[in-house]
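First up is the structure itself, then whatever we jot down about it.
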Amino acid sequence: MTDRRPVPNPLALAVLAFLLMGPMHPYELGRRLQETEKDKNFKYNRGSLYMVVKQLAKAGLVAAQETVRDTERPERTVYALTDTGRGELYDWLRELVSTPKEEYPHFGMALSLLSVLPPAETVELLAARAAALTARAEAVRSAVQAATDGGLAWVFVVEDEYELALVEAELQFVDRLVAYLRRPDYAKEWKAMTEHLGEMT
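Residues in the sequence shown are numbered from 1 upward in steps of one, following my numbering.
Printed below as a string of C-alpha cells:
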C-alpha cells in the first residue's frame with residue numbers, strides 16, 4: 001500500500017517514471033511534467049518537487065550523478081534512477097493499476113450529508129453541478145481529439161479518457177439523483193424528518 005512506500009508522495013512516482021528516460025535535474029523534471037501535461041495528475045510546485053527528489057535520494061531510490069555548472073544558471077544536480085528506485089517504480093505502479101484504493105472525494109462527503117438541504121435547493125445546486133460537468137466533459141473530449149488528431153498515441157491520453165468516463169458516470173448519477181429528489185414522496189419524507197429534528201432540539 002502507499003503508506004508503506006519509502007516516499008509515499010504520489011509526485012515521487014512521477015519522478016521515478018520520468019527518470020527512466022535518463023538522468024535529469026529537478027528543473028528539467030518539472031519542465032517535462034508540464035510539457036507532457038502530467039502536472040494535471042500530479043499537483044506540485046517547484047519547492048515540493050525539489051523536496052521529493054531529496055527524499056528519493058535519501059531513500060536510495062535516486063542518486064546524484066553530477067553537478068552541472070554554467071554561467072547563466074545556478075549549479076544543478078543531475079539525478080539518476082537507482083536499481084532500487086526502478087524496482088519501487090514498477091512495484092508501486094503495478095499496485096496502483098491492479099488494486100482499487102478507497103478514496104474520499106468531496107462530492108461523496110457532501111452526498112453523505114445531503115438531507116440537510118431542502119430538496120428544491122438541492123435540485124438547483126445539482127443542476128449547476130451538471131452544467132459544470134457537461135462543460136468539463138466537452139473540454140476533455142476536445143483535448144483528447146486534438147491530441148490524437150495531432151498524432152499522439154492514445155496511451156498518452158488514457159488518463160484523460162479515464163477522467164471523461166468518470167465525468168460522464170457522475171453526470172448520469174446526478175440525473176438519477178435529481179429525479180429522485182423531485183419525487184413528491186421524498187419531499188414529504190424530508191419535511192417530516194426536519195420537523196421531527198426540530199422537535200428534538
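A virtual CB, placed ideally from N, CA and C, is assigned to each residue, including glycine.
In the structure shown, Tyr180 adopts helical secondary structure according to DSSP, grouped into three states.
Residue state for Glu66 is assigned as strand, using DSSP reduced to three classes. Exclusion of the five residues before and after Thr134 leaves Leu171 as the residues of its chain whose Cβ lies within less than 8 Å of its Cβ. DSSP places Tyr79 in the uninterrupted beta strand (DSSP E) bounded by 76-81. Judged by beta-carbon spacing, Leu96 lies beyond the 8 Å limit of Leu19, meaning their Cβ atoms are not closer than that value. The alpha carbon of Leu166 has as its nearest neighbour, out of Gly151, Gly47, Ala137, the alpha carbon of Ala137. Annotated as proximal: Pro26 and Val53, with beta-carbon spacing under 8 Å. Note that the C-beta distance between Ala64 and Tyr79 is below 8 Å. Considering only Arg129, Pro119, Leu117, Ser98, the residue with the shortest C-alpha distance to Phe107 is Arg129. The beta carbon of Gly150 is closer than 6 Å to none in its chain, skipping five residues each way along the sequence.
For the region 71-155, the continuous beta strand (DSSP E) assignments of 3+ residues that do not extend past its boundaries occur at 76-81, in sequence order. Val7 is positioned such that its CB atom lies closer than 8 Å to that of Leu61.
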